[in-house]
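Heads up, the thing below is written out as structure tokens.
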Amino acid sequence: MSDRPNYRLSPGQTESLVSRMLHEMADRLEANRPDRILTAVGRIASIQVTTMSPLLARALRAKAPLITKPITRREYAALLREVAAGPAAQPSTQERVTDLHRLADQDYDEATPARESHRDDAHPVPYTAEDAEARTNTAED
6 MSDRPNYRLS PGQTESLVSR MLHEMADRLE ANRPDRILTA VGRIASIQVT
56 TMSPLLARAL RAKAPLITKP ITRREYAALL REVAAGPAAQ PSTQERVTDL
106 HRLADQDYDE ATPARESHRD DAHPVPYTAE DAEARTNTAE D
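Everything in the sequence shown is counted per our numbering, starting at 6 for the first residue and increasing by one.
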């Protein structure tokens with residue numbers, strides 16, 4: 006066995022640190038020139054300023070949203086805070102399934118025809134030969 010210390014972080018520790026660092030990045034972006042445009046290079050620079058750990062920098066790059074269009078530093082800070090909030094702000098899978106079932110029930114109820122409508126009234130059928138003869142006579146006139 007090696008006498009070297011183990012500096013690995015557990016997944017829970019990594020998530021906690023990344024969340025804290027995302028908040029730090031957001032604070033720094035809002036404190037310094039918040040109305041300036043942030044570029045993709047600025048995003049990478051902000052990550053490198055936040056941590057020197059290659060593992061944490063990789064985790065930050067994975068979590069920090071990519072910059073695909075012009076965005077101010079303040080707007081990007083808001084995005085970072087949303088990401089740092091994590092999935093707790095989003096509904097759980099069970100809540101989403103319940104909502105989908107409710108919507109499906111509503112759609113089904115709206116799509117079904119009214120139960121009291123009678124199809125017999127739509128196309129009257131002659132019940133006797135006299136009725137059939139009367140109908141053909143009126144059609145010929």
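We treat Cβ as the ideally placed atom computed from N, Cα and C, and that holds for glycine.
Can you name, in chain order, every residue of its own chain whose Cβ lies under 8 angstroms from the Cβ of D110, other than the five neighbours on each side?
Locating residue 110 in the sequence shown gives position 105, where the first residue counts as 1. Around D110: no qualifying Cβ.
#### Entry: Inter-residue CB distance, A31 and A62 (contact presumed, cutoff 8 angstroms)
Position 26 of the sequence shown, counted from the first residue, corresponds to residue 31. Position 57 of the sequence shown, counted from the first residue, corresponds to residue 62. Incorrect: roughly 17 angstroms between the Cβ atoms, too far for contact.
Segment contact, 8 angstroms Cβ cut-off, at least three pairs: the region 97-107 with the region 20-40
A contact is defined here as three or more CB-CB pairs under 8 angstroms, and the region 97-107 fails this definition with respect to the region 20-40.
Which of helix, strand or coil DSSP assigns to L71
Indexing the sequence shown from 1 puts residue 71 at position 66. Looking at L71 - three-state DSSP - the assignment turns out to be coil, as it is neither helix nor strand.
Can you grab the Cα-Cα spacing for the pair L22 / E100, in whole Å?
-> The residue labelled residue 22 in the question sits at position 17 within the sequence shown. The residue labelled residue 100 in the question sits at position 95 within the sequence shown. One Cα belongs to L22, the other to E100, and the distance between them is close to 28 angstroms.
Backbone CA spacing between R79 and D114 [nearest angstrom]: Position 74 of the sequence shown, counted from the first residue, corresponds to residue 79. Position 109 of the sequence shown, counted from the first residue, corresponds to residue 114. The straight-line gap from Cα to Cα measures roughly 46 angstroms.
* To do: With DSSP as the reference, label T103 as helix, strand or coil.
  => Reading the sequence shown from its first residue, position 98 is the one you call residue 103. In the structure shown, T103 falls within a helical segment according to DSSP collapsed to helix, strand and coil.
I'd like to check one pair, S58 with R33: are the Cβ atoms closer than 9 angstroms?
Along the sequence shown, read from residue 1 onward, the residue named residue 33 stands at position 28. Along the sequence shown, read from residue 1 onward, the residue named residue 58 stands at position 53. At the C-beta level, R33 and S58 stay beyond 9 angstroms of one another.
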